[in-house]
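In our numbering, the protein residues as written are 6 to 359. Yeah, the Cβ is synthetic: ideal placement off N, Cα and C, and Gly gets one too. All values derive from a computational prediction rather than experimental measurement. Note sheet for the following structure.
Structure (structure tokens):
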């Protein structure tokens, strides 16, 4: 089945079905790692789910990352070691070089150029979290930083995971966001140069980059091709943050409710991701399930970041019974019964370039 939708927003195409359940996706929205019977296999969604590499995965990891070219898999183990598996079947291992305690809700990502691994986690303390930067080839530590949260009358303890976004293309930029209760406790961007983290928005007020963002909480973040930080907040506004320019506050681009039905059961709660000048936000619908309410991903709302106009609303392929939906970087994966149905967003720029 293939779904063709209005060209201004692009289209969602059905890629196919593969054995296994979703384990990880690369942030650029091309490669997906599926776990099946003790092995991880990376599939290329641009080449009919061709298998790029495979490695053993008998003990589940705490966090996983897929390399930007699909030929590397990084795993954070429960014993606080990191493994990087290559296409040759070999694995490199290294113990975490800092005293971490037990990482809470860790996230692991390759930088977009594939040179570094970024590991971020919540410490469960007032310090907020920590970011560790590793050389992806040698696993040698390059830099690390404590992610101190905004100081308020009540010290902020990050009660959720620390979201991490990776810059597009060959970027070495990393963006981080974290919330405490109803407040944004951390919003920062780091550039990596020669293995050193250069921070923006962390040295003074850890949430200074959120100045001008209307909503209390940051719901989702992404980095655009223009290098601006894009923020979706709890009031439904999409804003861009010119983080390279000191003293510049966020600029509101649009409200995510504009392309949605006039009904509180529809919302854009994240994630968000970019392709050139376009931003796609996952649309969710709230429905009753067994005496409680749950959100289900039903579509993508596509926004032109330059004009502030919504290009359209794309429907996701309808789920089959019991399928669990995971959306990241433009990949839409639904797993059930040991198999995963995969679709992907193709933007107008992707279509034009073939």
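Separation of residue j from residue i, as counted between CA atoms
{"i": "residue 292", "j": "residue 304", "result": "15 Å"}
{"i": "residue 23", "j": "residue 120", "result": "29 Å"}
{"i": "residue 159", "j": "residue 203", "result": "Confidence in residue 159 is poor, its pLDDT being 42 and thus under 50, which makes the residue's placement unreliable; the coordinate value appears in the next sentence. Near 29 Å, if we compare the C-alpha coordinates of residue 203 and residue 159."}
{"i": "residue 155", "j": "residue 180", "result": "Only weak support is given to the placement of residue 155: the predicted model assigns it a pLDDT of 47, under 50, and the value that follows is read from those uncertain coordinates. One C-alpha to the other measures close to 16 Å."}
{"i": "residue 410", "j": "residue 224", "result": "The first residue shown for the chain is 6 and the last is 359, placing residue 410 beyond what the model contains."}
{"i": "residue 337", "j": "residue 16", "result": "12 Å"}
{"i": "residue 217", "j": "residue 274", "result": "19 Å"}
{"i": "residue 270", "j": "residue 29", "result": "28 Å"}
{"i": "residue 253", "j": "residue 222", "result": "19 Å"}
{"i": "residue 335", "j": "residue 255", "result": "25 Å"}
{"i": "residue 250", "j": "residue 313", "result": "21 Å"}
{"i": "residue 324", "j": "residue 311", "result": "33 Å"}
{"i": "residue 108", "j": "residue 186", "result": "20 Å"}
{"i": "residue 342", "j": "residue 329", "result": "10 Å"}
{"i": "residue 188", "j": "residue 178", "result": "24 Å"}
{"i": "residue 61", "j": "residue 84", "result": "17 Å"}
{"i": "residue 267", "j": "residue 145", "result": "52 Å"}
{"i": "residue 41", "j": "residue 219", "result": "43 Å"}
{"i": "residue 147", "j": "residue 340", "result": "37 Å"}
{"i": "residue 298", "j": "residue 265", "result": "19 Å"}
{"i": "residue 18", "j": "residue 283", "result": "18 Å"}
{"i": "residue 127", "j": "residue 138", "result": "15 Å"}
{"i": "residue 47", "j": "residue 243", "result": "33 Å"}
{"i": "residue 75", "j": "residue 57", "result": "6 Å"}
{"i": "residue 176", "j": "residue 37", "result": "21 Å"}
{"i": "residue 239", "j": "residue 79", "result": "32 Å"}
{"i": "residue 296", "j": "residue 134", "result": "35 Å"}
Beta carbon of residue i nearer than 8 Å to that of residue j
{"i": "residue 234", "j": "residue 245", "result": "yes"}
{"i": "residue 316", "j": "residue 13", "result": "yes"}
{"i": "residue 285", "j": "residue 307", "result": "yes"}
{"i": "residue 99", "j": "residue 116", "result": "no"}
{"i": "residue 20", "j": "residue 348", "result": "yes"}
{"i": "residue 152", "j": "residue 136", "result": "yes"}
{"i": "residue 73", "j": "residue 31", "result": "yes"}
{"i": "residue 2", "j": "residue 26", "result": "With the chain running from 6 to 359 in the structure shown, residue 2 is simply not present."}
{"i": "residue 59", "j": "residue 81", "result": "no"}
Option nearest residue i by Cα separation, candidates the options
{"i": "residue 333", "options": "35, 19 and 78", "result": "35"}
{"i": "residue 169", "options": "93, 98, 227 and 201", "result": "227"}
{"i": "residue 309", "options": "279, 53 and 70", "result": "279"}
{"i": "residue 196", "options": "323, 31 and 149", "result": "149"}
{"i": "residue 367", "options": "323, 142, 263 and 37", "result": "Any answer about residue 367 is impossible in this case: the structure gives the chain only from 6 up to 359."}
{"i": "residue 191", "options": "167, 171 and 33", "result": "167"}
{"i": "residue 122", "options": "171, 83 and 84", "result": "171"}
{"i": "residue 125", "options": "300, 346 and 183", "result": "183"}
{"i": "residue 143", "options": "176, 265, 295 and 89", "result": "89"}
{"i": "residue 260", "options": "272, 63, 221 and 339", "result": "272"}
{"i": "residue 345", "options": "29, 33, 39 and 18", "result": "39"}
{"i": "residue 33", "options": "296, 49 and 265", "result": "49"}
{"i": "residue 5", "options": "300, 296 and 283", "result": "Since the first residue of the chain shown is 6 and the last is 359, residue 5 is not available in this structure."}
Distance between beta carbons of residue j and residue i, contact taken as under 8 Å
{"i": "residue 213", "j": "residue 206", "result": "5 Å"}
{"i": "residue 230", "j": "residue 173", "result": "6 Å"}
{"i": "residue 68", "j": "residue 111", "result": "4 Å"}
{"i": "residue 288", "j": "residue 318", "result": "7 Å"}
{"i": "residue 354", "j": "residue 281", "result": "5 Å"}
{"i": "residue 140", "j": "residue 77", "result": "Not a contact, Cβ separation roughly 13 Å."}
{"i": "residue 331", "j": "residue 248", "result": "Contact doesn't hold; Cβ gap of about 28 Å is too wide."}
{"i": "residue 321", "j": "residue 302", "result": "6 Å"}
Would you call the segment 94 to 102 in contact with the segment 46 to 53, where contact means no fewer than 3 C-beta pairs closer than 8 Å?
Contact fails between the segment 94 to 102 and the segment 46 to 53, because fewer than three Cβ pairs, one in each stretch, are under 8 Å apart.
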